[in-house]
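Undergrad: Submitted below is the structure of interest, expressed as structure tokens.
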Amino acid sequence: MNIEAYRSYCLAKKGVTEEFPFNETTLVFKVMGKMFAVTDIEVFAGINLKVEPEQGVLLREQYEFVQPAYHMNKMHWMTVSLEAGAPDRLVLHWTDRSYDLVVKGLTKSQKLALDGL
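Residue numbers (this note's numbering): 1 to 117.
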């Protein structure tokens, strides 16, 4: 997978926007203003994704290419290393779960606004 394919996948989701809030190379995908994926566009080597704490522990134990998230709350975020061989199907599945986790945590009014898009 390349950055453009991943970007298209994320932007196809309902209510998703992209921003560069940290610097000109760190791309952040948000749903209703809340982050669900973070990656570097120059070196597309890994993706930070939101994860439930218990699930993150299990995934880190099960897969070498899943690590605590770099520069993020390591309890709620994981880094999936593309360089270490993470399969595209798992990356997309975990991206979906990250998106869903963020949507689940939205306020009632944000969920209504998302439904209206």
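Positions of the beta carbon are idealized from the N, C-alpha and C atoms, including for glycine.
These numbers come from a predicted model, not from an experiment.
Could you check how far apart the C-beta atoms of Val80 and Gly46 are, in whole angstroms? I think they sit under 8 Å.
TA: Taking the sequence shown and counting its residues from 1, the one referred to as residue 80 is at position 80. Taking the sequence shown and counting its residues from 1, the one referred to as residue 46 is at position 46. With a Cβ gap of about 6 Å, Val80 and Gly46 count as contacting.
Undergrad: Alpha carbons only, please: which of Val43, Cys10, Arg97 is nearest the one belonging to Pro53?
TA: Here the question's residue 53 lines up with position 53 in the sequence shown. Ranking the options by Cα distance to Pro53, first place goes to Arg97.
Undergrad: In chain order, what residues of the same chain have a beta carbon less than 8 Å from the beta carbon of Glu145, not counting five sequence neighbours either side?
TA: Nothing can be reported for residue 145, as the shown portion of the chain is limited to 1 through 117.
Undergrad: Which parts of the region 33–77 are runs of the alpha helix (DSSP H), unbroken and 4 residues or longer, counting only runs that do not cross its ends?
TA: 53–62
Undergrad: Report, in whole angstroms, the separation of the C-beta atoms of Val43 and His76, which I expect to be a contact under 8 Å.
TA: As a first step, residue 43 must be located in the sequence shown, where it is residue number 43. As a first step, residue 76 must be located in the sequence shown, where it is residue number 76. The Cβ separation is near 24 Å, so there is no contact.
Undergrad: Quick one: Cα of Thr95 to Cα of Asp88, how far?
TA: Residue mapping note: residue 95 aligns to position 95 of the sequence shown, counting from 1. Residue mapping note: residue 88 aligns to position 88 of the sequence shown, counting from 1. Roughly 10 Å between the two C-alpha positions.
Undergrad: Just to check my reading of the structure: Tyr70 and Asn48 have Cβ atoms closer than 8 Å, yes? What is that Cβ distance to the nearest angstrom?
TA: Numbered from its first residue, the sequence shown carries residue 70 at position 70. Numbered from its first residue, the sequence shown carries residue 48 at position 48. Rounded, the Cβ-Cβ distance is 7 Å, consistent with contact.
Undergrad: Are the CB atoms of Leu114 and Met1 nearer to each other than 8 Å?
TA: Residue mapping note: residue 114 aligns to position 114 of the sequence shown, counting from 1. Residue mapping note: residue 1 aligns to position 1 of the sequence shown, counting from 1. Contact flag unset, no.
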